[in-house]
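All residue numbers for the sequence shown refer to the UniProt record's numbering, where the first residue is 1 and numbers rise by one. Backbone N, C-alpha and C fix where the C-beta goes; we use that ideal spot for every residue, glycine too. Quantities reported herein were computed from a predicted structural model and do not represent experimental measurements. These notes concern the structure reproduced below.
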Amino acid sequence: MDMRYIQSFVEVLQCGSIAEAARRLDLTPAAVAARIRALEEDLGASLIQRSGRYVRPTAEGIKIMDSAQSVLRAVRDMRAVAQDGDTLAGELRLGTFHSAMTSVLPSVLERVYARHPDVKIFVEPGKSVDLCRKVGAGELDIAIVVEPQSALPKTCEWQVLMEEPLVVVAPQDCAGRDAHALLREEPFIRYDRSVLGGQLADRYLRDQGIRPRQRLEIDGLLAIAALVDKGLGVSLLPDWSSIWSSGLSLARIPLPNRAPVRRIGLVMARHTPHLSLAHAFSREADELFRPTDSTHVPAL
């Protein structure tokens, strides 16, 4: 089976058009169509169906799409392994938790592409716990996650990028008020307890004997910040830089006692065909977030 035929099949389905796939592959539409027919004959199944200028997969085409993509990734992995160990080749499989998609990731990618403009990266968003599992299983090479609370597999390593202590986030007119008084007296918008930041906040409230007047519970730091800006309550959140650069009218009020800390970092597979790529990504992230003094954190 010719790998070029598989590549053409995947490209056609991703584009939804033989003509567009031909442009991307630098081939004629007739050549791409011939490759698809050859693959169909080899597999003994019809893989695509045409509707005007567009194509869509048949039931059989849908079934083999994931396998075809896996085969292409495997081939890229083999080529990466065959390259010199210091050569950045192949495609880095990167995971990132949702909030980092608009905060951490763009700044790191800016540095990565400035130094390695030809690097290819596949990004998969998800929850930190799921991303850690995928790195451990070899489905991802590296992931930006909230620090896992359970032990990582020995096949993985952990690298801290930043620490975010919990703070009370309140409307601007509450600036100067006592943090614990705000948590007791004002309507409370709870950070979802299914995520680590929400669990840290819940544990702190219980340890301090604070029973807030909960108004609602929701995931999404910027969503909570927007609700606080509307005067709907206060919240206890990680001190995430994007909250304060959002243009919302908010007050950051430190906790009087030692604040719990949410740590953001990288989980990386120790053994991956793309180890050079993963190391390059981790180096750029480390240089970006390495503090120049005890208080500085890079603005995102």
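Neighbour-count burial assignment, residue i, 16 or more Cβ in a 10 Å radius
i, result
"Ala223", "exposed"
"Gly197", "buried"
"Pro256", "exposed"
"Leu47", "buried"
"Met3", "exposed"
"Ala170", "buried"
"Tyr5", "buried"
"Val160", "exposed"
"Met162", "buried"
"Gly176", "exposed"
"Thr295", "Model confidence at Thr295 stands at a pLDDT of 43, short of 50, so the residue's coordinates are unreliable; what they give is reported in the following sentence. Label assigned to Thr295: exposed."
"Tyr54", "exposed"
"Arg211", "exposed"
"Gly44", "exposed"
"Ala30", "exposed"
"Phe188", "buried"
"residue 317", "A question about residue 317 goes unanswered here, because the residues of the chain that appear run from 1 up to 300."
"Ile62", "exposed"
"Asp293", "Reliability of the predicted coordinates at Asp293 is poor, the pLDDT of 49 falling under 50, and the value obtained from them is presented with this limitation in mind. So Asp293 ends up on the exposed side."
"Gly265", "buried"
"Pro273", "buried"
"Gly138", "exposed"
"Gly95", "buried"
Cross-strand partners of residue i (DSSP beta bridge)
i, result
"Val55", "Arg50"
"Cys156", "Ala269"
"Leu250", "Pro171"
"Pro238", "Leu166"
Rounded C-alpha distance that separates residue i from residue j
i, j, result
"Leu105", "Ala21", "29 Å"
"Glu91", "Phe97", "19 Å"
"Ser249", "Gly52", "52 Å"
"Leu182", "Arg263", "25 Å"
"Gly16", "Arg50", "10 Å"
"Glu40", "Ser70", "18 Å"
"Ile144", "Arg37", "41 Å"
"Met268", "Val195", "21 Å"
"His271", "Ser282", "15 Å"
"Leu140", "Ala278", "10 Å"
"Val32", "Ile18", "7 Å"
"Asp286", "Pro57", "43 Å"
"Asp26", "Glu11", "12 Å"
"Leu288", "Ala34", "48 Å"
"Ala280", "Val112", "7 Å"
"Gln149", "Ser235", "23 Å"
"Val135", "Trp240", "25 Å"
"His180", "Val168", "9 Å"
"Met101", "Arg252", "23 Å"
"Ala68", "Leu237", "43 Å"
"Val228", "Ser245", "15 Å"
"Arg73", "Glu157", "23 Å"
"Ser276", "Ala259", "37 Å"
"Leu232", "Val261", "25 Å"
"Gln14", "Ser103", "28 Å"
"Arg215", "Lys230", "14 Å"
"Arg23", "Phe9", "14 Å"
Extent of the continuous alpha helix (DSSP H) run through residue i
i, result
"Leu266", "No alpha helix (DSSP H) holds Leu266; the beta strand (DSSP E) holding it covers Val261 to Ala269."
"Val145", "Unbroken run through Val145 is the beta strand (DSSP E), Ile142 to Val146; no alpha helix (DSSP H)."
"Glu110", "Val104 to Arg115"
"Ala278", "Leu275 to Phe289"
"Gln7", "Met3 to Cys15"
"Ala19", "Ile18 to Leu25"
"Trp244", "Ser241 to Trp244"
"Glu41", "Pro29 to Leu43"
Where the beta strand (DSSP E) through residue i begins and ends
i, result
"Arg93", "Glu91 to Phe97"
"Pro125", "Lys120 to Gly126"
heavy atom of the ligand GDP below 7 Å from residue i C-beta
i, result
"Phe188", "As far as ligands go, the structure on display features none, and thus does not contain the ligand GDP."
Give, in chain order, every unbroken run of the alpha helix (DSSP H) that is at least 4 residues long and sits entirely within the stretch 163-236.
-> 179-185, 196-207 and 221-229
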